[in-house]
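Colleague: Starting off with a structure, shown below.
There are 2 protein chains.
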Amino acid sequence: MMEEFFKVMTPAAVLAMKERFSRVETEAVSLSEALDRLAGADIVSPVDLPGFNRSVMDGYAVAAASTFGASDGSPAFLTIKGSIPMGAVPEFDIRRSEAAAIATGGMLPAGADAVVMKEHANAVSETELEVYKPVAPGGNMVGANEDFEAGGIAIARGTLLRSQEIGLLAGMGLTSVTVYRKPLVGIISTGDEIVTVEESPPPGHIRDMNTYTLAALVRESGGAPVNMGVVPDRYEVLYEALAEAVKDCDAVLVSGGSSVGARDYTKKAITALPDAELLVHGVAMRPGKPTMLARSWHRMVWGIPGQVTSAMVVYMIMVRPFVQHIGGYAGTEPPTVSARIARNVPSVYGRTDFVRVWLEADPSGGRPLAHPVFGKSGLINTMVKADGLVAIDADSEGINKGDAVAVIRF
Amino acid sequence: MMEEFFKVMTPAAVLAMKERFSRVETEAVSLSEALDRLAGADIVSPVDLPGFNRSVMDGYAVAAASTFGASDGSPAFLTIKGSIPMGAVPEFDIRRSEAAAIATGGMLPAGADAVVMKEHANAVSETELEVYKPVAPGGNMVGANEDFEAGGIAIARGTLLRSQEIGLLAGMGLTSVTVYRKPLVGIISTGDEIVTVEESPPPGHIRDMNTYTLAALVRESGGAPVNMGVVPDRYEVLYEALAEAVKDCDAVLVSGGSSVGARDYTKKAITALPDAELLVHGVAMRPGKPTMLARSWHRMVWGIPGQVTSAMVVYMIMVRPFVQHIGGYAGTEPPTVSARIARNVPSVYGRTDFVRVWLEADPSGGRPLAHPVFGKSGLINTMVKADGLVAIDADSEGINKGDAVAVIRF
Numbered sequence: 016m017m018e019e020f021f022k023v024m025t026p027a028a029v030l031a032m033k034e035r036f037s038r039v040e041t042e043a044v045s046l047s048e049a050l051d052r053l054a055g056a057d058i059v060s061p062v063d064l065p066g067f068n069r070s071v072m073d074g075y076a077v078a079a080a081s082t083f084g085a086s087d088g089s090p091a092f093l094t095i096k097g098s099i100p101m102g103a104v105p106e107f108d109i110r111r112s113e114a115a116a117i118a119t120g121g122m123l124p125a126g127a128d129a130v131v132m133k134e135h136a137n138a139v140s141e142t143e144l145e146v147y148k149p150v151a152p153g154g155n156m157v158g159a160n161e162d163f164e165a166g167g168i169a170i171a172r173g174t175l176l177r178s179q180e181i182g183l184l185a186g187m188g189l190t191s192v193t194v195y196r197k198p199l200v201g202i203i204s205t206g207d208e209i210v211t212v213e214e215s216p217p218p219g220h221i222r223d224m225n226t227y228t229l230a231a232l233v234r235e236s237g238g239a240p241v242n243m244g245v246v247p248d249r250y251e252v253l254y255e256a257l258a259e260a261v262k263d264c265d266a267v268l269v270s271g272g273s274s275v276g277a278r279d280y281t282k283k284a285i286t287a288l289p290d291a292e293l294l295v296h297g298v299a300m301r302p303g304k305p306t307m308l309a310r311s312w313h314r315m316v317w318g319i320p321g322q323v324t325s326a327m328v329v330y331m332i333m334v335r336p337f338v339q340h341i342g343g344y345a346g347t348e349p350p351t352v353s354a355r356i357a358r359n360v361p362s363v364y365g366r367t368d369f370v371r372v373w374l375e376a377d378p379s380g381g382r383p384l385a386h387p388v389f390g391k392s393g394l395i396n397t398m399v400k401a402d403g404l405v406a407i408d409a410d411s412e413g414i415n416k417g418d419a420v421a422v423i424r425f
Numbered sequence: 016m017m018e019e020f021f022k023v024m025t026p027a028a029v030l031a032m033k034e035r036f037s038r039v040e041t042e043a044v045s046l047s048e049a050l051d052r053l054a055g056a057d058i059v060s061p062v063d064l065p066g067f068n069r070s071v072m073d074g075y076a077v078a079a080a081s082t083f084g085a086s087d088g089s090p091a092f093l094t095i096k097g098s099i100p101m102g103a104v105p106e107f108d109i110r111r112s113e114a115a116a117i118a119t120g121g122m123l124p125a126g127a128d129a130v131v132m133k134e135h136a137n138a139v140s141e142t143e144l145e146v147y148k149p150v151a152p153g154g155n156m157v158g159a160n161e162d163f164e165a166g167g168i169a170i171a172r173g174t175l176l177r178s179q180e181i182g183l184l185a186g187m188g189l190t191s192v193t194v195y196r197k198p199l200v201g202i203i204s205t206g207d208e209i210v211t212v213e214e215s216p217p218p219g220h221i222r223d224m225n226t227y228t229l230a231a232l233v234r235e236s237g238g239a240p241v242n243m244g245v246v247p248d249r250y251e252v253l254y255e256a257l258a259e260a261v262k263d264c265d266a267v268l269v270s271g272g273s274s275v276g277a278r279d280y281t282k283k284a285i286t287a288l289p290d291a292e293l294l295v296h297g298v299a300m301r302p303g304k305p306t307m308l309a310r311s312w313h314r315m316v317w318g319i320p321g322q323v324t325s326a327m328v329v330y331m332i333m334v335r336p337f338v339q340h341i342g343g344y345a346g347t348e349p350p351t352v353s354a355r356i357a358r359n360v361p362s363v364y365g366r367t368d369f370v371r372v373w374l375e376a377d378p379s380g381g382r383p384l385a386h387p388v389f390g391k392s393g394l395i396n397t398m399v400k401a402d403g404l405v406a407i408d409a410d411s412e413g414i415n416k417g418d419a420v421a422v423i424r425f
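Protein chains in written order, with the working numbering: chain A, 16 to 425; chain B, 16 to 425.
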């Protein structure tokens, strides 16, 4: 059998194959739809931000040099030339020994290069100001292009658009933004014992969980899931479903085939696809050893375990980085939480083990304790109880109580 | 002035007021819309899961006792009674010294309480099986109600529905689920210098960033933002907008009023609302000192700084827990990343400082380094560069290079 010759690969070697798959195209979305999308191009600021010299304090716009040497005992005496209404362009400029009342957000007059805080000055009359503390040039103000400069790259391609990037886009007046489109990920669940969620499972059957679990994971990684339904354990039907899916989707996930026999025909169907190349057949990880990855034209096809918990781990560790990659994500590692493991966890040398843990906060503010979740690995309740996964490296025979671990959060 | 008598409160004292606001009602959503929603009731499993005694390995269903004492040198000899097709109800039961071929996912016959892995057995003929290793009762199988039990609480009220909870709901056949509805959060931006994002700002004006930034943050905390527009610095207009917003929304955010004068009339408008009670006027934090919280009937009204970066920090630290609370969230702390601070950061005693940091991964797998982001605090580029916030406690005068810090991730 061919699989005898196929070498089980390390997770890292599989992840390195990401680059074989190219990114999806881009599309324009409105600003209110852009949250959590990935910038599809370098976004150049069309304007300076804030666009004018802007006060960040209530006080007096001055030429900073007018205040040098000022102190409580020896204040600087300035002439108040006027007051600047919010949103108005000052109708005068400021020279040495002159000041203008200004509120936070106001526009500095020409000639002013700093703002004296109200608390450090006293208007002894309508026109006379005493300043008790010097202010440096640029103090308590923001220069016209100090936040962003017109023509500069404000947001790099591949950046995740968080709330601050959304605000920045608004500030630049960009009501439409180029993002990568969401990769379409087809999901096929196989197994003669699987019924759809709407059906009442006869004895010996279970409802399809993988379609929903994987769809949720696809959404969380920026993709758009496409439910291709439940397929019985028959080669022809699976092949047809796969061939249909690779026509329309950027990636296809086939979960199931938990028995050796079913796995064999899943492999057969995947490798029979047009222009197919089997890239991965077996990964040195647990759970997830029987994971397969193939290419059909430029689309990726994954064979992942049918057991819902194994399918989740394989998705999170192996598939997610690929979906994020074709979706334009420029980052690399998933963010992890640094913790200490609460007890010894043995592991087998030569295989990366993924252990489910729940996190207990450290009341003294240190790293949380990561407790391994007990229970048979196939039970979904172990995932419901867990907050994340800890990887135990292949070159280790386990981790010891108190060891530092990086928790991949769910 | 009244505010002279109003004591600046600690962030913890403000957060403790959450309980004054009640949770929103619940609604039913379909399973495919349930991701990232909060369970609106304890969800009781209507069924046992998996619902039958299920094999998790390819092998032979047996009565475990038949294998006790088996070894390579002295195998147990069993009679193969048949084979169990996937998804089928076995037509026979298993007695002592009997076995039935079974695949992963198959239903165990009555009388069988374990599965011998294929690798630990050898079928020497169609009916004769040698077993080389004992299996414990329950081994390589999952009991009918071992994952979840009918009538038990599968998902507690207030639980965030992640991919695994979605899968579990599917497994239980629940195509509709009760969740808290999304709290409606009205957002009002004030300031004579603010124009909408579609407008071209005249000199001295800037585009409204807060509406978009806060809307994104509201979405991320499970709420539904309601854009109430930009309001000029006029008491009557602000009051009208506020009165309109508290009629329709569960919470209202007014950002702006960065100058002392504007803040005063914001307070005046908030406290003039029907049945209004000012709960907070000033928080011992930086940024965010001028934060206000009031109640109008049972709705909450927040006055937050106009500076976009300050508004973000106030939302994330103060407002978010309230929005999550009324939205049904049962958790407490935001998840943090444990890191070491990369340099000394001074701070003022008596005030909690929130410092923007970017994270540098530790190549050796330890805690990341948290680098304070340089730049004037009002610049949105400091938020774009940052990965999160570090709180420096009020009873501290700063943190030292290498100190452990908890980073609140953006």
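Cβ coordinates follow ideal geometry from the N, Cα and C atoms, glycine included. In this text the structure is predicted, and so the values were computed from the model without any measurement.
#1: Should ASN155 of chain A be labelled buried (16 or more other beta-carbon atoms within 10 Å of its own) or exposed?
#2: In the structure shown, what three-state DSSP assignment does ARG358 of chain B receive?
#3: Expressed to the nearest angstrom, what Euclidean distance is found between the alpha-carbon atoms of ARG371 of chain B and ARG358 of chain B?
#4: Between ALA392 of chain A and the rest of its own chain, which residues show a CB-CB distance below 7 Å, the 5 nearest in sequence each way excluded?
#5: Under a CB-based cut-off of 8 Å, is LEU183 of chain B close to chain A?
#6: Please report whether the beta-carbon of ILE221 of chain A lies at a distance below 8 Å from any beta-carbon of chain B.
#7: Would you mind sorting TYR364 of chain A into buried or exposed? The rule is 16 or more other CB atoms within 10 Å of its CB.
#8: Return the residues of the region 111-140 of chain B that lie within a Cβ-Cβ distance of less than 7 Å from chain A, sorted by chain order.
#9: Please determine if the region 97-109 of chain A and the region 120-135 of chain A are in contact, where contact requires at least 3 C-beta pairs separated by less than 8 Å.
#10: Can you tell me which of the three DSSP states ALA291 of chain B falls into?
#11: Where does the unbroken beta strand (DSSP E) through MET307 of chain B begin, and where does it stop?
#12: Output yes if chain B places a C-beta closer than 8 Å to the C-beta of MET398 of chain A; else output no.
#13: Does GLU19 of chain A pass the burial test, meaning 16 or more other C-beta atoms within 10 Å, or should it be called exposed?
#14: In angstroms with no decimal places, state the Cα-to-Cα distance between LEU294 of chain A and PRO336 of chain A.
#15: Assess, as a yes-or-no matter, whether the region 265-280 of chain B is touched by the region 318-332 of chain B under the definition of 3 or more beta carbon pairs within less than 8 Å.
#16: Using the three-state DSSP reduction, which class does VAL71 of chain A fall into: helix, strand or coil?
#17: Can you give me the Cβ contacts of GLU375 of chain B inside the same chain, cut-off strictly under 7 Å, excluding the 5 residues immediately before and after it?
#18: How close, in whole Å, do the beta carbons of VAL59 of chain B and ALA169 of chain B come, if the pair is a contact with beta carbons under 8 Å?
#19: According to DSSP, is HIS340 of chain A helix, strand or coil?
#20: Write down the C-beta distance between VAL422 of chain B and VAL405 of chain B rounded to the nearest angstrom, noting that I regard them as a contact closer than 8 Å.
#21: Measuring CB to CB, does THR281 of chain A end up less than 8 Å from VAL246 of chain A?
#22: Run down chain B in chain order and give the residues with a C-beta less than 7 Å from the C-beta of LYS197 of chain A.
#23: List the residues of chain B whose Cβ lies closer than 8 Å to the Cβ of LEU46 of chain A, in chain order.
#24: Taking beta-carbon pairs under 9 Å, can you tell me which members of the region 382-395 of chain B lie near chain A?
#25: Whole angstroms are fine: how far does the CA of ASN225 of chain B sit from the CA of ASP128 of chain A?
#26: If you compare alpha carbons, which of B:ARG249, B:LYS416, B:THR367, B:LEU176 is closest to ASP57 of chain B?
#27: With DSSP collapsed to three states, give me the class of GLY173 of chain A.
#28: Just the Cα atoms here: how many angstroms apart are PHE67 of chain B and GLY201 of chain A?
#29: Can you tell me whether THR142 of chain B is buried or exposed, with buried defined as 16 or more other CB within 10 angstroms of its CB?
#30: Does the beta carbon of SER86 of chain B sit closer than 8 Å to a beta carbon anywhere in chain A?
#31: Using a Cβ-Cβ cut-off of 8 Å, state whether ARG177 of chain B counts as contacting chain A.
#32: Under 8 Å between C-beta atoms, does ASP368 of chain A make it to chain B?
#33: Smallest Cα separation from THR41 of chain A: which of A:LEU93, A:HIS296, A:GLY343, A:VAL130?
#34: How about SER236 of chain B and VAL338 of chain B: are their beta carbons less than 8 Å apart?
#35: Taking CB distances under 8 Å as the criterion, tell me whether PHE67 of chain A reaches chain B.
#36: Would ALA266 of chain B count as contacting chain A if we go by Cβ distances under 8 Å?
Modeller: Inspection of the coordinates gives the following:
#1: buried
#2: coil
#3: 13 Å
#4: The identity of residue 392 of chain A in the sequence shown is Ser, whereas the question assumes Ala. Excluding positions up to five away in sequence, the list reads PRO302, THR324.
#5: Closer than 8 Å: yes.
#6: yes
#7: Burial call: exposed.
#8: Of all residues in the region 111-140 of chain B, ALA118, THR119, GLY120, MET122 have a Cβ within less than 7 Å of some Cβ in chain A.
#9: yes
#10: strand
#11: 307-311
#12: yes
#13: Its pLDDT being 48, under 50, GLU19 of chain A is placed unreliably in this model, and the value from its coordinates should be taken loosely. So GLU19 of chain A counts as exposed.
#14: 16 Å
#15: yes
#16: For VAL71 of chain A, the three-state secondary structure derived from DSSP is coil.
#17: PRO383, LEU384, HIS386
#18: 7 Å
#19: helix
#20: 6 Å
#21: no
#22: Under the 7 Å cutoff, chain B gives no residues; its nearest Cβ is about 15 Å from LYS197 of chain A.
#23: VAL212, TYR227
#24: ARG382, PRO383, GLY390, LYS391, SER392, GLY393, LEU394, ILE395
#25: 27 Å
#26: Comparing C-alpha distances from ASP57 of chain B to each of B:ARG249, B:LYS416, B:THR367, B:LEU176 shows the shortest one belongs to B:LEU176.
#27: coil
#28: 30 Å
#29: When all chains shown are included, THR142 of chain B counts as exposed.
#30: No, its Cβ sits nowhere closer than 8 Å to a Cβ of chain A.
#31: yes
#32: no
#33: A:GLY343
#34: Taking 8 Å as the Cβ cut-off, SER236 of chain B and VAL338 of chain B qualify as a contacting pair.
#35: yes
#36: no
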